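In what follows, a structure is listed as structure tokens, so that the remarks can point back to it.
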Amino acid sequence: MAIRQIRYEGDPILRKVSREVLEINERIEVLLEDMVDTMHQNEGVGLAAPQVGVLRRVVVIDIGEGLIKLINPEIIEEKGEDIGVEACLSVPNRMGTVKRPEKVVVRYLDELGEEQEIIGTGLLAKALCHEIDHLDGILYIDKMIEEIVPQEDVED
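Quick note on numbering: the sequence shown equals residues 1 to 156 in this note's numbering.
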């Protein structure tokens, strides 16, 4: 497929709410494949459609346990609390701590239009929350507790 251009912080599309996918057609299938290729090319663990300039509720995640493609994902349950370090392909060269649920249950449609649920804990829970936030125009820096400055950037 194709590698798409990543949109960066400051691009207004990243602050808009994405529209629900009403029909899983060839355009959505191509979008999903392009998003997977783009995510892997940029060494990301997740990517939301707005990050490639498309305002549709589509997310791909690969934390190393198998590729997940989610259409119209919705968090239906949250449990616990976890504070961890996050970064984002759309916010290059920055990292920070963010509070997220320890566990989430997400309902979504798969590529065949079948309703599915996934339970995420740890890194998967963070990735699901982070990518679903993108669909609502929210970046992790909006929720950042503390920015982490890399050691090489610290003056002696």
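Every residue gets a Cβ at the ideal spot worked out from N, C-alpha and C, and that includes glycine.
Quick caveat: nothing in here was measured; it's all calculated off a predicted structure.
Runs of 3 residues minimum, wholly inside the stretch 58-109: which ones carry the beta strand (DSSP E) assignment?
58-61, 68-79, 82-88, 91-100 and 103-109
Boundaries (first-last residue) of the beta strand (DSSP E) holding L47
Residue 47 sits at position 47 when you count from the first residue of the sequence shown. That run of the beta strand (DSSP E) goes G46 to A48.
Reduced DSSP secondary structure (H/G/I, E/B, other) of D156:
Start at 1 with the first residue of the sequence shown, and residue 156 comes out as number 156. Any reading at D156 is ruled out, since the residue's pLDDT is 48, under 50, leaving its predicted position unreliable.
Can you give me the C-alpha to C-alpha distance between D156 and M95, rounded to a whole angstrom?
Position 156 of the sequence shown holds residue 156. Position 95 of the sequence shown holds residue 95. Because the pLDDT at D156 is just 48, under 50, the model does not fix this residue reliably, and the value given afterwards should be weighed accordingly. When rounded, the distance between both Cα atoms is 21 Å.
Would you grab the beta carbon distance between K208 and K79 for me? Rounded to a whole angstrom, and I think it's under 8 Å.
No answer is possible for residue 208: it lies beyond the span of the chain, which begins at 1 and ends at 156.
With contact counted as at least three CB pairs below 8 Å, one residue from each stretch, are the stretch 116-125 and the stretch 59-68 in contact?
yes
For E29, three-class secondary structure by DSSP:
As a working mapping, residue 29 is identified with position 29 in the sequence shown. Correct three-state label for E29: helix.
Label V58 either buried or exposed according to how many other C-beta atoms from any shown protein chain fall within 10 Å of its C-beta, with 16 as the threshold for buried.
By 1-based counting over the sequence shown, the position of residue 58 is 58. V58 should be labelled buried.
Report yes if the C-beta distance between L55 and R19 is below 7 Å; otherwise report no.
Against the sequence shown, residue 55 aligns to sequence position 55. Against the sequence shown, residue 19 aligns to sequence position 19. Closer than 7 Å, so yes.
Looking at the unbroken beta strand (DSSP E) that takes in E20, where does it start and where does it end?
Numbered from its first residue, the sequence shown carries residue 20 at position 20. First-last for E20: undefined, no H or E at that position.
In chain order, what residues of the same chain have a beta carbon less than 6 Å from the beta carbon of I118, not counting five sequence neighbours either side?
Counting from 1 along the sequence shown, the entry for residue 118 is found at position 118. Counting only Cβ-Cβ distances below 6 Å, and skipping sequence neighbours, we find V106.
From this set, I3, V149 and P12, which residue's C-alpha is nearest L139's C-alpha?
Here residue 139 corresponds to residue number 139 of the sequence shown, with the count starting at 1. Nearest of I3, V149 and P12 to L139, Cα basis: P12.
Give the C-beta separation of V17 and D136 to the nearest angstrom, bearing in mind that I take them to be a contact with Cβ-Cβ under 8 Å.
The count along the sequence shown starts at 1 and reaches residue 17 at position 17. The count along the sequence shown starts at 1 and reaches residue 136 at position 136. At roughly 6 Å, the Cβ-Cβ gap stays under 8 Å, so V17 and D136 are in contact.
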